[in-house]
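Q:
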Amino acid sequence: GAGVSQSPSNKVTEKGKDVELRCDPISGHTALYWYRQSLGQGLEFLIYFQGNSAPDKSGLPSDRFSAERTGGSVSTLTIQRTQQEDSAVYLCASSLGRNNQPQHFGDGTRLSIL
Amino acid sequence: GESVGLHLPTLSVQEGDNSIINCAYSNSASDYFIWYKQESGKGPQFIIDIRSNMDKRQGQRVTVLLNKTVKHLSLQIAATQPGDSAVYFCAENYSGNTPLVFGKGTRLSVIA
């Protein structure tokens, strides 16, 4: 498909386990964003990649969270030693990376920590 | 409006009526604004955007109005349809190429 693709769509894991979430952005989009949406809440920024620049990690809630973007395309968000408060929908968005271009979102990964 | 946790403000409209969803944004330096529609189990879907050098922009059945003086954004949906039922978020950023700051969201419920 032509949109942002995220996998898995759902992930259930035990507290303390590590999880990896994947995002395939729209082809040609140089900017990639991760957001988190807790139940009934708005979206909270986590991390942002733009081309080859150092990522903006200012939204990561703790050092248990990290993300990579390989080859300027696919990104993985890793959460180590998961805790129950990490339960949320993790959304990825991409954009053309130029001014005044909208971000387009995937359908997210619903993460549940038992 | 404001929302706390699960209690999103809800707008209920009759099918065929016009809907107006309001948003107060926070940063006077923001110069790019977007409205998103989010259906249950889906990611936010882009509806329409507007730059700060405009005060109105129209799309198909939707109009966005921007009042920079009072930092207010609104989304008007004409002839609301049942398929318009969703949560609507406004979002803002500076220069369009930075992380978005999202509003709390408004749930639109269309009564057939």
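Protein sequences, first through last, are from chains A and B.
Just so you know, we're using the working numbering here: the first sequence kicks off at 1 and counts up by one.
Just so you know, we're using the working numbering here: the second sequence kicks off at 1001 and counts up by one.
Ideal placement from N, C-alpha and C gives every residue a C-beta, glycine not left out.
(1) What's the C-alpha gap between residue 1078 of chain B and residue 1009 of chain B?
(2) On the DSSP letters alone, give me the boundaries of the beta strand (DSSP E) that residue 1086 of chain B sits inside.
(3) Using alpha carbons as the reference points, say which of B/1072, B/1045, B/1044, B/1047 lies closest to residue 1055 of chain B.
(4) Below 7 Å between beta carbons: does that hold for residue 1097 of chain B and residue 99 of chain A?
(5) Whose C-beta lies closer than 7 Å to the C-beta of residue 60 of chain A among residues of the same chain, with five residues either side of it excluded?
(6) Does residue 105 of chain A come within less than 7 Å of chain B when only Cβ atoms are used?
(7) Buried or exposed, going by whether 16 or more other CB atoms sit within 10 Å of the CB of residue 1037 of chain B?
(8) Mind checking who residue 84 of chain A pairs with in its DSSP beta bridge?
(9) Using a C-beta cutoff of 7 Å, does residue 111 of chain A count as contacting chain B?
(10) Would DSSP call residue 70 of chain A helix, strand or coil?
(11) For the beta strand (DSSP E) containing residue 31 of chain A, name the first residue and the last one.
A: Reading it off the structure:
(1) 20 Å
(2) 1086 to 1093
(3) B/1072
(4) yes
(5) If you ignore the 5 residues before and after residue 60 of chain A, its C-beta comes within less than 7 Å of the C-beta of 46, 47, all in its own chain and listed in chain order.
(6) yes
(7) Its Cβ being crowded by 16 or more others within 10 Å, residue 1037 of chain B is buried.
(8) Per DSSP, none; premise fails for residue 84 of chain A.
(9) no
(10) helix
(11) 31 to 37
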